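A short worksheet on the structure shown next.
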Amino acid sequence: MATKEEISMTGFSIVAYSGDAKASLIEALRHAQKGEFDKADSCVEEANQSIVDAHNEQTKLLSKEAGGEDMDVTFIMVHGQDTLMTTMMLMDEVKFFIDEYKRIDKIEKHLGIE
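Going by my numbering, the sequence shown opens with residue 1411, and the numbers climb by one from there.
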């Protein structure tokens, strides 16, 4: 059985990785607003890696539970799950807005607006 401490520590890790991803996504959006699309794309990749790391932490506990181990729900784990989910949603939104900034940039260049 995973201990409450182990579950909580996994929750803390998920929050930390998700927070790193969120910061990278906000930075990506700021770069895109300035037309710095290579930097924006790089920040999105950094965010994606942090989300993968958070997901890997989550999967460790999910595997134990799927294997029949009992799991106690801790508040920090719930917070971690919530933070990861909202960060994943933010990722989708930021990618959408970056694509829109790229589209606007292309249109402005075509029209000679700069």
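The beta-carbon is built from N, C-alpha and C at its ideal position, and this holds for glycine as well.
None of the values given here were measured: they were computed from a predicted structure.
Residue nearest to residue i in terms of C-alpha spacing, selected from the options
| i | options | result |
| --- | --- | --- |
| R1580 | A1412, E1455, V1504 and E1524 | The shown model of the chain, from 1411 to 1524, leaves out residue 1580, and the question about it has no answer. |
| A1433 | T1413, T1493 and V1488 | T1493 |
Residue range of the unbroken alpha helix (DSSP H) whose run includes residue i
| i | result |
| --- | --- |
| T1496 | F1485 to L1521 |
| G1421 | K1414 to Q1443 |
| E1467 | F1447 to A1476 |
Supposed close pair residue i, residue j - CB separation, criterion 8 Å
| i | j | result |
| --- | --- | --- |
| G1490 | I1424 | 3 Å |
| Y1427 | S1460 | 5 Å |
| A1431 | T1497 | 5 Å |
| I1355 | F1422 | One cannot answer for residue 1355 here, as it falls past the ends of the chain, which runs 1411 to 1524. |
| E1518 | A1412 | No, E1518 and A1412 are not in contact; Cβ-Cβ is about 54 Å, not under 8 Å. |
Residues near residue i by beta carbon distance below 7 Å, same chain, minus five either side
| i | result |
| --- | --- |
| K1414 | D1482 and T1484 |
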